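In our numbering, the protein residues as written are 5 to 237.
Below is one structure; the comments refer to it alone.
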C-alpha cells in the first residue's frame, strides 16, 4: 500500500483557511482565546466534549455508532456502553485541551494555561483506540486489544495511508479466564495534523478511514464522514 508521507516540522504553523460547511477545518495554531475556551468547555462537566467517537455496536460488531454527544470520560466508556466492541475517539488540539481540562475537573482540580506544555499544544490529532471488552468475562472470551492504528483515504482511486508519529497505551489490566493479567487499556496514537489534512484533501468529500488491527488479527475500519467534521474543531 502506497503511504502518503509528508514530513512537517512540529514548529511549522498550520493555517487552515475558512471552508464551507461539512469540510474538515481544524483550528491550529490555537490562540489564547481558543485555549481559554477549550479549558472552560472542559471544566464545565455539563457540556459535551468536542470530540468524535465511533464505535462498533454489539459483541458481533453488527453496526457502527456515533456517540460523540456522550459526556463520559474515555476511560469510562466501556462501562457505559453495553456489549461494547472496538471504538475510537478522535481529538483535535482544541478537543484534547478540553479533554485534559475535563479530566482535571473530574479530579477536583483545574487545568490552567501555564500547565500546557509545547507537546500538549503541538499540531497533532490524537486517536484513542478502545479494546473490545465484554461486560462479563467468560471462558474463552475476554476481549481483544488494539495493536496498531492508521488512517486511510476514502478515495478508492488513490490509495494513501498515514501512520502515527507515536503511540502509547494507557494501562488497564483485566484477568483472563486463564488467570493471566491482560492489558486491555486504550491505545493513544498521535497523527501529524498536516498529513491528515492532506489525506482528507484526497477525497472529494474530505472523508477518510481510521483502521485498527487487534491482537487476534481482526481489522476494523471506522469511516470519518463529512457529517462528523462539526465535532473536529
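Just so you know, even glycine gets a beta-carbon here, dropped at the ideal spot from N, CA and C.
A quick note: this is a predicted structure, and the numbers were derived from the prediction, not measured.
Cross-strand partners of residue i (DSSP beta bridge)
i           : result
residue 134 : 91
residue 101 : In the DSSP output, where bridge partners are listed per residue, residue 101 has none listed.
residue 224 : 216
residue 187 : 177
residue 196 : 128
residue 165 : 156
residue 170 : 194
residue 148 : 136
Nearest-angstrom beta carbon gap, residue j and residue i [assumed within contact, 8 Å]
i           : j           : result
residue 105 : residue 47  : 5 Å
residue 150 : residue 191 : 5 Å
residue 227 : residue 60  : The pair is not a contact, with the Cβ atoms about 12 Å apart (cut-off 8 Å).
residue 235 : residue 55  : 6 Å
residue 125 : residue 237 : Contact doesn't hold; Cβ gap of about 15 Å is too wide.
residue 115 : residue 166 : Wrong, their Cβ atoms sit about 29 Å apart, outside the cutoff.
residue 206 : residue 156 : At roughly 10 Å, the Cβ-Cβ gap does not stay under 8 Å, so residue 206 and residue 156 are not in contact.
residue 188 : residue 137 : 5 Å
Proximity to residue i [Cα-Cα], best of the options
i           : options               : result
residue 131 : 40, 216, 42 and 223   : 216
residue 182 : 208, 147 and 176      : 147
residue 122 : 91, 52, 97 and 57     : 97
residue 100 : 44, 90, 220 and 177   : 44
residue 158 : 230, 120, 92 and 135  : 230
residue 218 : 153, 201 and 162      : 153
residue 1   : 89, 116 and 193       : Lying before the first or after the last residue shown, residue 1 is absent from the chain, which here runs from 5 to 237.
residue 92  : 133, 124, 205 and 109 : 133
residue 232 : 222, 156 and 210      : 210
residue 50  : 207, 114 and 109      : 109
residue 221 : 128, 135, 166 and 165 : 135
residue 120 : 58, 103 and 111       : 103
residue 171 : 128, 206, 205 and 164 : 128
residue 89  : 111, 58, 112 and 95   : 58
residue 52  : 36, 107 and 37        : 107
Distance cut-off 8 Å: residue i Cβ against heavy atoms of the ligand PLP
i          : result
residue 56 : Because no ligand of any kind appears in the structure shown, any question about the ligand PLP cannot be addressed here.
Open item on the list: For a minimum of 3 consecutive residues, which ranges assigned as the beta strand (DSSP E) are wholly contained in the stretch 32-61?
Closed with: 56-61
Open item on the list: If contact is defined by three or more beta carbon pairs under 8 Å, each pair taking one atom from either stretch, is the stretch 193-211 in contact with the stretch 27-41?
Closed with: yes
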